[in-house]
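Since the structure comes first, as structure tokens, the remarks are kept for the end.
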Amino acid sequence: MWLGGVSRLAQMPQSGDRHHHRHHQVVLGFEGAADFELEGTGGEQLRIGGGCLVPTECGHAFQGLGDNRMLVLDFDLDSAIDSRIDREMLDRLFDRPHYFQLDEHFSTLLKAMAHELELHGQDPQMQQHISALLLHSLYQRLTGETLRAHESPGRLDMERIDQLIKQRLQDKVSVAELAETCHLSLSQFHLRFRQTTGLTPYQYVMKHRLDQAVWLLRCSSHPIADIAVETGFSSQSALTHAIKNELGLSPGQVRRQQSS
Numbered sequence: 135m136w137l138g139g140v141s142r143l144a145q146m147p148q149s150g151d152r153h154h155h156r157h158h159q160v161v162l163g164f165e166g167a168a169d170f171e172l173e174g175t176g177g178e179q180l181r182i183g184g185g186c187l188v189p190t191e192c193g194h195a196f197q198g199l200g201d202n203r204m205l206v207l208d209f210d211l212d213s214a215i216d217s218r219i220d221r222e223m224l225d226r227l228f229d230r231p232h233y234f235q236l237d238e239h240f241s242t243l244l245k246a247m248a249h250e251l252e253l254h255g256q257d258p259q260m261q262q263h264i265s266a267l268l269l270h271s272l273y274q275r276l277t278g279e280t281l282r283a284h285e286s287p288g289r290l291d292m293e294r295i296d297q298l299i300k301q302r303l304q305d306k307v308s309v310a311e312l313a314e315t316c317h318l319s320l321s322q323f324h325l326r327f328r329q330t331t332g333l334t335p336y337q338y339v340m341k342h343r344l345d346q347a348v349w350l351l352r353c354s355s356h357p358i359a360d361i362a363v364e365t366g367f368s369s370q371s372a373l374t375h376a377i378k379n380e381l382g383l384s385p386g387q388v389r390r391q392q393s394s
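Numbered continuously in the working numbering, the sequence shown closes out at residue 394.
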């Protein structure tokens, strides 16, 4: 399945903001700097040569530091636009939120693409081609792979995977560790996991964390802040954001539901 992307130059507000969205996003430092904080990953300052990957529904906060511009790529998973961006590649890149640093050659490419957006930023086809080019370049740098055909998927030991996730809820098991448990490369694991569960590994682990948090809210008297720590969330506000996004309720409302 091929998906369309949108590319744009954006200024991060100096007043700061926090939100989430239903699409994958790449933020690339271009001019000036901005502070970013990704849920479960911590904070980092973005400037030229650096960037971050924000998976769908991942809460993130950001604040511009003086004059700044970032090159932002958005990839809508619900879109079926015919483009040059492959769903499998997106699944592997956006398995988790993280920051990255890139080489000077990529920075040169970034500056050229930003110039094209300044000239032709209202052209949807130009936006899609720029998104595809930058994403493929990122993919090869961050994974060391060229997208290629893979062998037919085999069965995953989901019982073993679930056990490891439950054992490591608080310190958040990585996708690489799950792949190693199944004796698969990261790319093979992503492909097989998606075809087995219909979710990315990151989405699946997040579901486990949320399920356990909801269970604790309903079946224990633990403080909400403690439940956030026990289930691997960076703060009580991060847990609140995740539960509201999934259930449309606050943690307090979930707890009161059980007692009513």
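No residue lacks a Cβ here, since even glycine has one placed at the ideal position from N, Cα and C. Since the model is a prediction, treat every value here as computed from it, not as a measurement.
Sub-8 angstroms separation of THR315 and LEU298 beta-carbons = yes
Rounded separation between ARG181 and VAL188 - CA only = 16 angstroms
Whole-angstrom distance between PHE164 and ASP201, CA atom to CA atom = 11 angstroms
How long is the line joining the alpha carbons of ALA103 and LEU227, rounded to whole angstroms?
-> No answer is possible for residue 103: it lies beyond the span of the chain, which begins at 135 and ends at 394.
Where do the ends of the beta strand (DSSP E) carrying PHE164 lie?
-> 158-172
Return the Cβ separation of LEU211 and HIS158 in integer angstroms, given the expectation that the two are a contact with Cβ distance under 8 angstroms.
-> 7 angstroms
Can you tell me which of the three DSSP states HIS154 falls into?
-> coil
Terminal residues of the beta strand (DSSP E) in which VAL188 lies = 184-188
In the DSSP assignment, find the unbroken beta strand (DSSP E) run with GLN179 in it and report its ends.
-> 176-180
State yes or no: is the C-beta of PHE196 within less than 8 angstroms of the C-beta of ALA168?
-> yes
Within 10 angstroms of the Cβ of HIS153, are there 16 or more other Cβ atoms? Answer buried if so, exposed if not.
-> exposed
Should the region 170-186 be regarded as contacting the region 251-271, the criterion being three or more beta carbon pairs within less than 8 angstroms?
-> no
For ASP210, which of helix, strand or coil comes out of DSSP?
-> coil
Within 8 angstroms, strictly: CB atoms of PHE327 and LEU276 | no
Find the nearest neighbour of LEU350 within the set THR365, GLN337, GLU250, judged by alpha-carbon distance.
-> THR365
By Cβ distance, which residues of its chain are closer than 8 angstroms to VAL388, with the 5 residues on each side in sequence left out?
-> VAL348, LEU351, ARG352, ILE377, LEU381
Buried or exposed: which applies to GLU293, given that a residue is buried once 16 or more other Cβ atoms fall within 10 Å of its Cβ?
-> exposed
If you run the structure through DSSP and keep just helix, strand and coil, what is LEU205?
-> strand
Provide the residue span of the alpha helix (DSSP H) that contains LEU268, from first to last.
-> 258-277
Contact set for SER308: own chain, Cβ-Cβ below 8 angstroms, skip 5 residues either direction = ARG230
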